[in-house]
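Counting from 27, one number per residue, gives the positions in the sequence shown under the working numbering.
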Amino acid sequence: MVREAVQLAGLKYTEAEQQGMVASLNRILTQAEALHQAPPDNDVPSPILFNPRVPGFPVVVPPRVHRPTASSRQARPSNLDDLAFCSISQLADLVRRRVVSSVELTELYLRRLERYNPSLNCVVNLTAERAMAQARELDRELAQGTYRGLLHGIPFGVKDIVSAKGAPTTWGAAPFERRVIDEDAEVVQRLTRAGAVLVAKLTTGEFAFGDQWFGGRTNNPWDPAQGSSGSSAGSGAAAAAGLVGFAIGTDTGGSILSPAVRCGVVGLRPTFGRVSRRGVMAAGWTLDKIGPLCRTVEDCAIVLHAIAGPDGYDLAVPEGLPFAWDSRESAKGKVVGVVDGMLELEKDPAVRANNTRALDALRAAGVEIRTVNVPTSDLTYFIEYTERAAGFETVVTRGADAGLRAQRVRNDLRAYHLVTAVDYLQANRVRLRLMEAYARATKDVDVMVSGPVTLDPTSLNPITSLTGHPAIAVPTGFRENGTPTGFTLAGRLYDEAGLLVVARVVEAATGLGNRRPVLTG
Numbered sequence: 027m028v029r030e031a032v033q034l035a036g037l038k039y040t041e042a043e044q045q046g047m048v049a050s051l052n053r054i055l056t057q058a059e060a061l062h063q064a065p066p067d068n069d070v071p072s073p074i075l076f077n078p079r080v081p082g083f084p085v086v087v088p089p090r091v092h093r094p095t096a097s098s099r100q101a102r103p104s105n106l107d108d109l110a111f112c113s114i115s116q117l118a119d120l121v122r123r124r125v126v127s128s129v130e131l132t133e134l135y136l137r138r139l140e141r142y143n144p145s146l147n148c149v150v151n152l153t154a155e156r157a158m159a160q161a162r163e164l165d166r167e168l169a170q171g172t173y174r175g176l177l178h179g180i181p182f183g184v185k186d187i188v189s190a191k192g193a194p195t196t197w198g199a200a201p202f203e204r205r206v207i208d209e210d211a212e213v214v215q216r217l218t219r220a221g222a223v224l225v226a227k228l229t230t231g232e233f234a235f236g237d238q239w240f241g242g243r244t245n246n247p248w249d250p251a252q253g254s255s256g257s258s259a260g261s262g263a264a265a266a267a268g269l270v271g272f273a274i275g276t277d278t279g280g281s282i283l284s285p286a287v288r289c290g291v292v293g294l295r296p297t298f299g300r301v302s303r304r305g306v307m308a309a310g311w312t313l314d315k316i317g318p319l320c321r322t323v324e325d326c327a328i329v330l331h332a333i334a335g336p337d338g339y340d341l342a343v344p345e346g347l348p349f350a351w352d353s354r355e356s357a358k359g360k361v362v363g364v365v366d367g368m369l370e371l372e373k374d375p376a377v378r379a380n381n382t383r384a385l386d387a388l389r390a391a392g393v394e395i396r397t398v399n400v401p402t403s404d405l406t407y408f409i410e411y412t413e414r415a416a417g418f419e420t421v422v423t424r425g426a427d428a429g430l431r432a433q434r435v436r437n438d439l440r441a442y443h444l445v446t447a448v449d450y451l452q453a454n455r456v457r458l459r460l461m462e463a464y465a466r467a468t469k470d471v472d473v474m475v476s477g478p479v480t481l482d483p484t485s486l487n488p489i490t491s492l493t494g495h496p497a498i499a500v501p502t503g504f505r506e507n508g509t510p511t512g513f514t515l516a517g518r519l520y521d522e523a524g525l526l527v528v529a530r531v532v533e534a535a536t537g538l539g540n541r542r543p544v545l546t547g
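Shown next, in the form of structure tokens:
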């Protein structure tokens, strides 16, 4: 056994050295067997915390006043369905002035979820009873003069690895189809306190892998023959199709950014540690982030302001770094780095043309554009899957993964049990060196721009997932077949606001405009 284990670990020891290891290994085995007797479930966090800050590179976040755009007065449309694609600010104006009630908005989005889900397959469960009770109470509060803010009465959905009272939390997996974690995750609690109305648990790939879940594949509203990408599959599809006011997703290695690009919405992955993950399935303790998928850049800022900040439970969330969004801030004078080769290596002519147009818009806004060489690495996936193997040990050992559709997921959860603790720790030490290299490469730029998340050698997603930097996916236009294109931008640690300022320039010049997907249902 020792000989085979040494070979599997890629080590070279002499026969005598291997014989000398036996007594030590037997002591280790005794300890390991004791651990295996009662392994912790997925909801037990690790006390070993990841810190995205790099020694020698201080975090500097400009002080800001939280000042969203004052929306122009909206008129009540004759057909309330015309509100489905409105921004949060537009919907908030109507609700605040009691032109449209929260009950009406909630009924609108529940109807659309039921009507269009058969073609999009983006809903696991509706939370209609809870939603209507919330909406009625919010309307009563408003009639009595209590207004909770811009999210008052705005319906939203959450990725189904986020727990919510009274609704199953399935993790996209058939074995957990009816499992109820009867508590609201911290992110749901904060949004509820802010006045948002939970209308649906939205699809995620099995155990937050991809867009295939136990109910099939979630589809792209712009082309239902195409998957919506994942793993925040339902959040991307529902936001793009106007089935919710906004959605919440999670991102470990691109799971907000990828469906946002595919579905033509804005997806914000905040800095690691911005938002508490209490009550959310752990995919990778040192990599997981929670963020919004919305129809506008400013909508993402509004939602992040409601959900960011420490809660005393997720100790990765730092004190003293509040998020604020000042809608009056200009992008003029900011320095934007473009990953070397981003335009030249892009094979899709529509994507290349739209990327060029977006960069031209940034130049026209007074932004300095520089080409930057950044380090690349896929180490994020090695670390993520090793952490997954620990987080899902009880699932594997109790056979609860037997009903999974994707055998690759089952195989990976088993295979990464064989990664040595030494290799995992060494990977994280190499990670720090990569963090330092990225910090050096980007020290003179405010925002980095790169290609889409998947199948793109110039994508920043793997390295910034590893470093913990915030990133946002923004639509940049369309292909001839009518599907949207987009790219991603990465900002400085904890400076999501500065990142959003630059993203808003791209959105204004190259976004979706008034185009909407043609839905069937």
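Even glycine gets a Cβ: it sits at the ideal position worked out from N, Cα and C.
The model shown is predicted, which means the values in this text are computed figures rather than measured ones.
If you reduce the DSSP assignment to three classes, tell me which class residue i lands in.
i      : result
SER50  : helix
ARG243 : strand
LEU146 : helix
ALA199 : coil
VAL471 : coil
ASP366 : coil
PHE83  : strand
GLN100 : coil
ARG303 : coil
ALA426 : coil
GLY253 : strand
VAL287 : helix
GLY237 : It should be pointed out that residue 237 corresponds to Asp in this sequence rather than to Gly. Coil at ASP237, not helix or strand.
PRO375 : helix
ALA161 : helix
ALA497 : strand
What does DSSP give as the partner residue(s) for residue i in the beta ladder?
i      : result
CYS320 : VAL292
LYS185 : LEU228
THR502 : DSSP, once it has assigned bridges, lists no residue as partnering THR502.
ASN151 : LYS227
SER476 : THR514
ILE274 : VAL184, PRO318
ARG396 : GLY363
ARG93  : ASP352
PRO71  : Looking at the DSSP assignment, PRO71 forms no beta bridge with any residue, so it has no partner.
VAL206 : PRO194
GLY335 : VAL301
With burial defined as no fewer than 16 other Cβ atoms inside 10 Å of the residue's Cβ, what is the status of residue i: buried or exposed?
i      : result
TYR548 : In the structure displayed, the chain extends from 27 to 547; residue 548 sits before or after that span and is not available.
MET474 : buried
LYS373 : exposed
LEU515 : buried
GLU345 : exposed
LYS360 : buried
GLU506 : exposed
THR312 : buried
GLY305 : buried
ARG204 : exposed
SER356 : exposed
VAL343 : buried
MET307 : buried
ILE54  : exposed
ASN399 : exposed
What residues in its chain sit with their C-beta under 7 Å from that of residue i, if we drop five residues either side in the sequence?
i      : result
ARG303 : ASP314, ILE316, ASP340
TYR407 : GLY279
THR446 : ALA35
ARG431 : GLU232, GLN238, PHE240
ARG124 : LEU168
SER550 : Any question about residue 550 goes unanswered here, given that the chain covers just 27 to 547.
ASP438 : TYR411
ARG378 : LEU369, GLU372
GLY310 : THR278, ILE409, GLU410, GLU413, ARG414
ALA220 : ARG174, GLY175, LEU177, ALA332
Quick one: what's got a C-beta closer than 6 Å to residue i's C-beta in the same chain, skipping five residues either side?
i      : result
GLY537 : PRO501
ALA426 : PRO201
LEU526 : VAL323, ALA327
Note down, in chain order, each residue of its chain lying with its Cβ closer than 8 Å to the Cβ of residue i, except the 5 sequence neighbours on either side.
i      : result
PRO250 : SER145, LEU146, THR546
ALA218 : Checking the sequence, you will find Thr at residue 218 rather than Ala. Excluding positions up to five away in sequence, the list reads GLN160, ASP210, LEU224.
ARG79  : VAL85, LEU519
Any chance the stretch 237 to 255 sits against the stretch 209 to 225, with 3 or more Cβ pairs inside 8 Å? Result no; under three Cβ-Cβ pairs closer than 8 Å.
Does the stretch 256 to 273 come close enough to the stretch 281 to 293 to have 3 or more Cβ pairs within less than 8 Å? Segments in contact, yes.
Using a Cβ distance threshold of 8 Å, determine whether the stretch 325 to 333 contacts the stretch 366 to 385, with at least three qualifying pairs required. With a cut-off of 8 Å, the stretch 366 to 385 and the stretch 325 to 333 do not count as touching, because too few Cβ pairs lie within range.
Under 8 Å: do the stretch 186 to 206 and the stretch 139 to 158 share three or more Cβ pairs, one atom per stretch? The stretch 139 to 158 and the stretch 186 to 206 touch, with three or more beta-carbon pairs separated by less than 8 Å.
Okay, do the stretch 486 to 502 and the stretch 391 to 411 touch, 3+ Cβ pairs below 8 Å being the bar? Yes, since at least three Cβ pairs between the stretch 486 to 502 and the stretch 391 to 411 fall closer than 8 Å, the two stretches touch.
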